[in-house]
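A.B. asks: In this note's numbering, the protein residues as written are 6 to 1174.
The beta carbon of each residue, even a glycine, is placed where N, CA and C say it ideally should be.
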Amino acid sequence: MIRIEALPTPTSSTDQKQWGRLSGAALPWAIYQLYQRQKGLYVVVVPDTTTALRLEQELTVFFHENAADVWTFPDWETLPYDVFSPHQDIISQRIKTLYSLPRLQHGIVIVPLNTALLRLTDASYLQQHSLVLKKGQLLDLTALRQQLAAVGYRAVDQVMEHGEFSVRGSLLDLYPMGSTLPYRIDFLDDEIDGIRLFDPDNQRTVQQVNEIELLPAHEFPQDKAAIERFRIRYRERFPARSEKESLYMQVSQGLMPAGIEYYLPLFAEQSAPLFSMLPKQTVMLAVGDLEAAAERFWHDLQRRYQDRAIDLLKPILKPQELYLAVDEFFAQLKHWPRLRLSRAELPERAGQSNAAVADLPELTVNHQLKNPLEKLQHFIVEIKKQQGRVLFFVESEGRRESLLQLMQRNQIRLQQFASVEEFLTDQVDLGIVIGSLEQGCLLQSGSGKAKAKAGEEPLALVSENELFGHKVTQRRKRKHSQQISGDTIIRNLAELSVGQPVVHLQHGIGRYQGLQVLDAGGISAEFVTIEYAGASKLYVPVSSLHLISRYTGSDQDHAPLHKLGNDSWEKARRKAAEKVRDVAAELLDVYAQRAAQTGYGFKLEADQYELFADGFPYKETVDQLDAIAAVLKDMQTERAMDRLVCGDVGFGKTEVAMRAAFVAVNDNKQVAVLVPTTLLAQQHFENFRDRFANWPVKVAVLSRFISAKEQKAILEETEQGKVDILIGTHKLLQDDIRFKDLGLLIVDEEHRFGVRQKDKIKALRANIDILTLTATPIPRTLNMSMSGMRDLSIIATPPAKRLPVKTFVREHEEGLIREAVLREISRGGQVYFLHNDVASIEKTAADLALLLPEALIGIAHGQMRERDLEQIMADFYHQRFNLLLCSTIIETGIDVPTANTIIINRADNFGLAQLHQLRGRVGRSHHQAYAYLLTPPPKRLTKDAEKRLEAISALEDLGAGFALASQDMEIRGAGELLGDEQSGQIESVGFSLYMEMLEQAVEALKAGKEPSLDALLTQQTELDMKLPALLPDSYIPDVSLRLSFYKRLASCRDEQELDDVQVELIDRFGLLPDAAKNLVKITELKMQAQTLGIKRLEANSKGGVLEFAERTSVNPSYIIQLIQTQSKVFKLEGGSKLKFIKDLPDTNSRFAFVSFMLDDFAKHQTGAS
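1) Quick check on DSSP: helix, strand or coil for LYS674?
2) What's the gap between the Cα of GLY25 and the Cα of GLU847?
3) Can you have a look at PRO943 and say buried or exposed, based on whether 16 or more other CB atoms are within 10 angstroms of its CB?
4) Per DSSP, which one or two residues make a beta bridge with HIS509?
5) Which residue marks the beginning of the alpha helix (DSSP H) containing ILE7, and which one marks its end?
6) By the 10 Å Cβ neighbour count, where 16 or more other Cβ atoms means buried, how is SER1015 classified, buried or exposed?
7) Going by beta-carbon coordinates alone, are ILE197 and LEU153 separated by less than 8 Å?
8) Could you give the residue range of the alpha helix (DSSP H) that holds TRP341?
9) How would you label GLY141, buried or exposed, when you count the other beta carbons within 10 angstroms and need 16 or more for buried?
10) Please identify the residue among GLU169, LEU177, GLY199 and PRO205 whose C-alpha is closest to the C-alpha of LEU186.
11) I need the boundaries of the beta strand (DSSP E) containing VAL114, first residue and last residue.
12) Counting pairs of beta carbons, one from the region 305-323 and one from the region 373-380, are three or more of them closer than 8 Å?
13) Note down, one range per segment and in chain order, each alpha helix (DSSP H) of at least 4 residues found wholly within the region 196-282.
14) For ASP1064 and LYS1086, I'd like the C-alpha separation in whole angstroms.
15) Find the nearest neighbour of ASP753 within the set ARG743, ASP796, ALA686 and VAL704, judged by alpha-carbon distance.
16) For chain B, is any of its Cβ atoms less than 8 Å away from the one on LEU219?
17) With the cut-off set at 8 Å, would you say THR940 and GLU816 are in Cβ contact?
18) For GLU859, which of helix, strand or coil comes out of DSSP?
19) Measuring alpha carbon to alpha carbon, tell me which residue in VAL214, GLY655, TYR239 and ASP80 is nearest ARG926.
20) In three-state DSSP terms, what is LYS848?
21) Residues in its own chain within less than 8 Å of VAL1119 by CB, not counting five upstream and five downstream?
22) Among ARG8, LEU630 and PHE617, which has the Cα closest to the Cα of VAL702?
23) Using CA coordinates, which residue listed in ASP587, ALA564, VAL508 and GLY570 is at the minimum distance from LEU550?
24) Pick from GLY440, ALA589 and PHE384: whose alpha carbon is nearest that of SER1017?
25) I want to know whether the region 809-828 touches the region 71-78 - three or more CB-CB distances under 8 Å.
26) For the beta strand (DSSP E) containing ILE633, name the first residue and the last one.
27) Is the Cβ-Cβ distance between THR734 and THR779 less than 8 Å?
28) Note down, one range per segment and in chain order, each beta strand (DSSP E) of at least 3 residues found wholly within the region 684-741.
29) Would you call the region 385-401 and the region 423-440 touching, i.e. three or more CB-CB distances under 8 Å?
30) For a test of the three-state rule: what should DSSP assign to ASP20, helix, strand or coil?
31) Would you call the CB atoms of ASP774 and LEU737 closer than 8 Å?
32) Out of ARG238, LYS339 and ASN1105, point me to the one whose CA is closest to LYS1147's CA.
33) When burial is assigned at 16 or more other CB atoms within 10 Å of the CB, is LEU523 buried or exposed?
34) Going by the DSSP bridge assignment, what does PRO182 pair with across the sheet?
35) To the nearest angstrom, report how far apart ARG345 and ALA291 are at their CA atoms.
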């Protein structure tokens, strides 16, 4: 055996060497050492995508600061002849790699085998069709638009993903392929005046740059010449079909259907393998048994070809036209210097060498022992005897600190290093770095030596998995991006389509009929048109959009429309207001009772808490941080906490609970975690145990999975205070469970417990802190209305970079099922197959086994023995099989990030909310997730089922679409908090208005006043300056976007909000045109007038009039003084109107006068309001 650093390398262009015994981290280490020895270009071909992803992650650890030298040429993540196209982010990464490859002098490029076999476009295509844009460059914007379209960029209203561009006036937004963020380019006439990076989530500028490199949007040409090539070559191979749905006709018309990538040779001038793009000095590294992997791939490829070769409208190319044959690939490989890397030991012969590498011995930390690190300490002693060294790898700073503390408590001193390289250049025996390895190894000094020479001592690379005996979940940290929450979208009327019901505060429920520009007194203004019962129309000026809200109540198609001019709306509103007052009073009463009870004020040790928080491997969302801050604040007060945290599945509620649990345990209190199902108890137990793995915290679980003897021991330890966190189902509420000092109860999904259990929880509420978690959506508006009354935190922001789940409703068909499962397992993923009929689940398993011999199938349903069920779920989580055939038992709980396809059999039998919940089981990672909803033939579907399935498939997005779909669930959630009687009132006036009325009633009662519906109506201010004030359609062409900004402007409550909207408008659409400037200024004056208690203000070229509300804050004596001292300007009309006579011929003079007058009033206010 030879030390890795001394293993022989290929010496000529056709030479091959083989290295064996590269187990665990020895493989990435060997590649790293080879690169250090001789910097060059190394192309690493691996058997599959899973290996590629893992190798990339581990090489990045060793390369550290030079991680940019590690490239991956990713797989398309589709199956050959697929009906899907790859995700834009994948195409972007592939194009960047292909473009850079011919000029790359050094680096490591990782390529999955099926990608290496693919025939690609000739390298010259990308080089010839890329261009550079520089600041100061003269360029015609129209010509640039045509150029962008020619290389495949899509014109859109708002740029969100790679390959898109948008033009608004002199602004061009562009998301180039290969770029991490999009660019915004400012033109001044035909000159590029500025280029800046911006964040697509909030549209804000990130940084200024001087130039950008623009790569084509497709891997192969799709311009007119390419389409003509396609037509000629297609006709040479297949008969041309004239049906409009045929592939030939679609492409002829410039339409590129999904899956067009598998026709690349028909478009490209010439196709070529990856080998043709590599510089001459490239060294090929082959990892594992590529021959077997290639044979398997070709076997599957030919089977797929035979299955699909019969489609006359979309005939497919022969496999050899798309991929290199196995012998052809290995023949081409022989033209390069190559190194074969194997984890197994090789027979010793010429050209084959085994590395001096051994597996690590058993090192697992055992907290049950008096000395938990006994095995590790023994290992370190043995290594030191050989003058060896040990380097530990941990996932994050938090885990590093935790491990350091654990080691220190056991007299092991580790030194921190920023990188592997830094450790190697030091002389320290024991070091620790941040980086994720799946499995460590022992790098030995080589055989036949009595003693290691200097620099050749044994080196042990130890991962967290060796220490903690289970897989530490590998999660990718991602850039945090603040997203606009669902309720903001609802409030801003985004995605409101014509015909949907809306509520006008003064006129009731009607249907939105779009935006319309009308001339009023010679001045153009934009109005929202609302149609009421009897086809009567109301035109609402955009400045009054704060009076309009989306109606969410009963079925949208049968919303109770009101008649303009009769009193039915007035009656409904009054009745709702009376009920609202009762609810508000009841809420205040509950709050007063709770405020009177004293609890325990926890002490927060900031240093310890920060260490624990750092152990969280994701970037927290803004909502999550807000929820955590609120919980910690509650816990530190002496009032008993009773907080509800609401958030969709996978939005991070558990971390909030863990932070609270840490604070409690750190203050020597015990924590109980109550969950509705045994499976959830087990998952929480594993999650809590992982999260607290490096802290001296004992986590235990009580469920039917553990023996009576174990349960007894846990109960005794709980009573003695030895168990810090106890997790369990309703068993936790039994009388025989006694805590030594319980400080915090965490309840997950309280609504799923029975009445008796809820009463038990209520009895506990008096003197301990309670934190309840729920995934039942409750709107944030409710949070506002109950601020200070019911402690409620809402996590409405999805984790950054989560892709929406692609959803398909299809008839049950075996070919589709096979394709969906193979697509997932071929990229290293797992599949849920939901079959909700336990009686026939075994037969379904047998059918699937015949259909999918490649899949490893497990079965899970509610009628299984609890222990068997738990074992199956644990095996699925740890990827011991890749297809879980299950019932709806998976609806709550266990989270499997590698499962990214769900197939739901007889989806027509499920409700919308349940389908949404089930679909939420997948899409928890950066991979594209798929949901297939299988149904019987359309004739057998009910109308309702059709509607539900249409809705769920349309609402893929985590943003606006979901927010709107969840309205029925939100109303149910509100009903749970407010009681069934209120649900009727919500129906009659609409959800948004109901919540506004409740908020106003609560505020009034808290201030000791009686709630008044009139106050809600009269606090609105009308302001008319007789000036054009609108967002022109030339400025924002998209109607729904324009409506959304109108609503946001009208709803601004202070100058900061208004300023934020103005900044966003300028940032996204360019400088404000005059009409838009007027609209912003009018909004500002209106806010000022409203705070002064002015009901209406009108100004024109000759003066104007203002009307005071009943309860104005302007001092009446000052008004009288004005009339007396400036009688030519001010006159009183009636009891509440002030007329002003003044020449105000233009925009500037009118705004200046009104602004001065309002400022003057603000200086002369009474104390009353």
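C.D. replies: Taking the geometry as given:
1) Within the sequence shown, the letter at position 669 stands for residue 674. Under the three-state reduction of DSSP output, LYS674 falls in the coil class, being neither helix nor strand.
2) As a working mapping, residue 25 is identified with position 20 in the sequence shown. As a working mapping, residue 847 is identified with position 842 in the sequence shown. Cα to Cα, the separation comes out at about 44 Å.
3) Here residue 943 refers to the residue found at position 938 of the sequence shown. That one is exposed.
4) For the purposes of this step, residue 509 is taken as residue 504 along the sequence shown, with counting starting at 1. The bridge partners DSSP lists for HIS509 are GLY513 and ILE553.
5) Translated into positions along the sequence shown, residue 7 becomes position 2. Here ILE7 belongs to no alpha helix (DSSP H), and DSSP marks it neither H nor E.
6) Within the sequence shown, the letter at position 1010 stands for residue 1015. Checking the sequence shown, residue 1015 turns out to be Glu, not Ser. So GLU1015 counts as exposed.
7) Indexing the sequence shown from 1 puts residue 197 at position 192. Indexing the sequence shown from 1 puts residue 153 at position 148. No, the Cβ-Cβ distance between ILE197 and LEU153 is not below 8 Å.
8) Indexing the sequence shown from 1 puts residue 341 at position 336. For TRP341, no alpha helix (DSSP H) encloses it, and the DSSP letter there is neither H nor E.
9) Working through the sequence shown from its first residue, we reach residue 141 at position 136. So GLY141 ends up on the exposed side.
10) Here residue 186 refers to the residue found at position 181 when the sequence shown is read from its first residue. Taking only the C-alpha atoms, the option nearest LEU186 is PRO205.
11) Start at 1 with the first residue of the sequence shown, and residue 114 comes out as number 109. Note, VAL114: beta strand (DSSP E), 112-117.
12) By the C-beta criterion, the region 305-323 is judged not to be in contact with the region 373-380, since fewer than 3 inter-stretch pairs fall below 8 Å.
13) Contiguous alpha helix (DSSP H) elements confined to the region 196-282 occur at 229-242, 252-257 and 269-272, taking only those with 4 or more residues.
14) Your numbering for residue 1064 matches position 1059 in the sequence shown. Your numbering for residue 1086 matches position 1081 in the sequence shown. In this structure, the straight-line span from the alpha carbon of ASP1064 to that of LYS1086 is close to 11 Å.
15) Your numbering for residue 753 matches position 748 in the sequence shown. Comparing Cα-Cα distances from ASP753 to each of ARG743, ASP796, ALA686 and VAL704, the minimum goes to ALA686.
16) The structure shown contains no chain B; it holds only a single protein chain.
17) As a first step, residue 940 must be located in the sequence shown, where it is residue number 935. As a first step, residue 816 must be located in the sequence shown, where it is residue number 811. The answer is yes: Cβ separation under 8 Å.
18) Mapped onto the sequence shown, residue 859 falls at position 854. For GLU859, the three-state secondary structure derived from DSSP is coil.
19) Within the sequence shown, residue 926 is the residue found at index 921, counting from 1. Checking every option, the nearest Cα to that of ARG926 belongs to GLY655.
20) Here residue 848 refers to the residue found at position 843 of the sequence shown. Reduced to three states, the DSSP call for LYS848 is helix.
21) The count along the sequence shown starts at 1 and reaches residue 1119 at position 1114. Same-chain partners within the cutoff: LEU1097, GLY1098, ILE1099, PHE1113, PHE1166, HIS1169, GLN1170 and THR1171.
22) Here residue 702 refers to the residue found at position 697 of the sequence shown. The candidate whose alpha carbon is nearest that of VAL702 is PHE617.
23) By 1-based counting over the sequence shown, the position of residue 550 is 545. Of ASP587, ALA564, VAL508 and GLY570, the residue nearest in Cα terms is VAL508.
24) Here residue 1017 refers to the residue found at position 1012 when the sequence shown is read from its first residue. When GLY440, ALA589 and PHE384 are compared, the shortest CA-CA separation from SER1017 is found for ALA589.
25) The region 809-828, when compared against the region 71-78, does not touch it at the 8 Å Cβ threshold.
26) Within the sequence shown, the letter at position 628 stands for residue 633. No beta strand (DSSP E) holds ILE633; the alpha helix (DSSP H) holding it covers 627-641.
27) Taking the first residue of the sequence shown as 1, we reach residue 734 at position 729. Taking the first residue of the sequence shown as 1, we reach residue 779 at position 774. Cβ distance not < 8 Å, so THR734 and THR779 don't count as in contact.
28) Counting whole runs of 3 or more residues, the region 684-741 contains the beta strand (DSSP E) stretches 704-707 and 730-733.
29) Three or more pairs of CB atoms, one per stretch, sit closer than 8 Å, so the region 385-401 contacts the region 423-440.
30) Taking the first residue of the sequence shown as 1, we reach residue 20 at position 15. The DSSP-derived three-state label of ASP20 is coil.
31) Numbered from 1 along the sequence shown, position 769 holds the residue referred to as residue 774. Numbered from 1 along the sequence shown, position 732 holds the residue referred to as residue 737. Cβ atoms of ASP774 and LEU737: not closer than 8 Å.
32) Residue mapping note: residue 1147 aligns to position 1142 of the sequence shown, counting from 1. Answer by Cα proximity: ASN1105.
33) Here residue 523 refers to the residue found at position 518 when the sequence shown is read from its first residue. So LEU523 ends up on the exposed side.
34) Along the sequence shown, one-based indexing puts residue 182 at 177. According to the sequence provided, residue 182 is Met. The question's Pro does not apply to it. Under DSSP, MET182 forms no beta bridge with any residue.
35) On the sequence shown, position 340 is the one that residue 345 refers to. On the sequence shown, position 286 is the one that residue 291 refers to. CA-to-CA, the gap between ARG345 and ALA291 works out to about 5 Å.
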